[in-house]
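Worksheet for the structure shown next.
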Amino acid sequence: MAITTIFYSYSGVTRGIAEKIRSECGGELVEVEVVKPYSTIIAYSKGCYRAMRGEPDVIRPSAIDVSGSDLIVIGTPVWAFRASPAINGAVEALTGCVGKTAILFATCGADAKDTIPHLAEALKAKGVDVKESFEFDKKGVEDKDQIDALIAAVKSAGGVETQTAA
């Protein structure tokens, strides 16, 4: 089964988890980039304000076709307890997603709060069924068991065969 992992990473934390998913599960890795990158000051002021309002950034790639995928994995950093504007832009950019299944993950300093429910609602409006979600705080991004649980969920939902020890 084909897996597409879509992510945005401002600091590299979300990228690290997305790359682990790709390494363990295969599939396509799509890193979303904002057309006008945020400076540190702007990220914490304008970026967080836009995140709270659910606004999208203009992104590259401008369209993300997942028609050939069986499973979509979406990863976002948490900005002001919401998905980043770049991931809001990625959701808007999705094509071929009706009837697809998704697994979501969010990385945050302490608490993701409403991030996953809002992101899941936006995906539902695009015809995507969110099967599972995971939140990683500062400790969680280093917790092998938590990351392994996400990878196991992706493997299970994506039909990736796991090897057992002989």
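Residue numbers for the sequence shown follow the numbering used here, so the first one is 1 and each next one is one higher.
Where a beta carbon is used, it is the ideal one built from N, C-alpha and C, also for glycine.
* Cβ of residue 148 within 7 Å of any heavy atom in the ligand SAM? -> This structure lacks the ligand SAM; in fact it carries no ligand of any kind.
* Between which two residues does the alpha helix (DSSP H) containing residue 156 stretch? -> 144-158
* Asked: Where does residue 112 sit, in a helix, a strand or coil, going by DSSP?
  -> coil
* To do: Might you give, ordered along the chain, the residues of its own chain that have their beta carbon closer than 7 Å to the beta carbon of residue 80, omitting 5 neighbours on each side?
  => 48, 51, 52
* To do: Rounded to whole angstroms, what's the CA-CA distance from residue 163 to residue 7? Just pull it up for me.
  => Legend: pLDDT at residue 163 = 46, less than 50; position of this residue unreliable, no value from coordinates given.
* **Residue burial classification, residue 44 (beta-carbon count within 10 angstroms, cutoff 16)** => exposed
* Asked: For residue 132, which beta-bridge partners are listed by DSSP?
  -> 103
* **Range of the contiguous beta strand (DSSP E) that encloses residue 31** => 28-31
* Same chain, Cβ closer than 8 Å to residue 46, five either side skipped, listed in chain order -> 38
* Asked: From residue 28 to residue 109, what does the alpha carbon distance come to, in whole angstroms?
  -> 27 Å
* Strand pairing of residue 65, partner residues [DSSP] -> 95
* Asked: With distances taken from CA atoms, which of 120, 136, 139 is nearest residue 130?
  -> 120
* First through last residue of the beta strand (DSSP E) which encompasses residue 75 -> 71-79
* Based on the DSSP secondary-structure assignment, which residues constitute the bridge partners of residue 50? -> Looking at the DSSP assignment, residue 50 forms no beta bridge with any residue, so it has no partner.
* How many Å lie between residue 156 and residue 30 at the Cα? -> 21 Å
* Taking the alpha-carbon positions, what's the residue 125 to residue 36 distance? -> 27 Å
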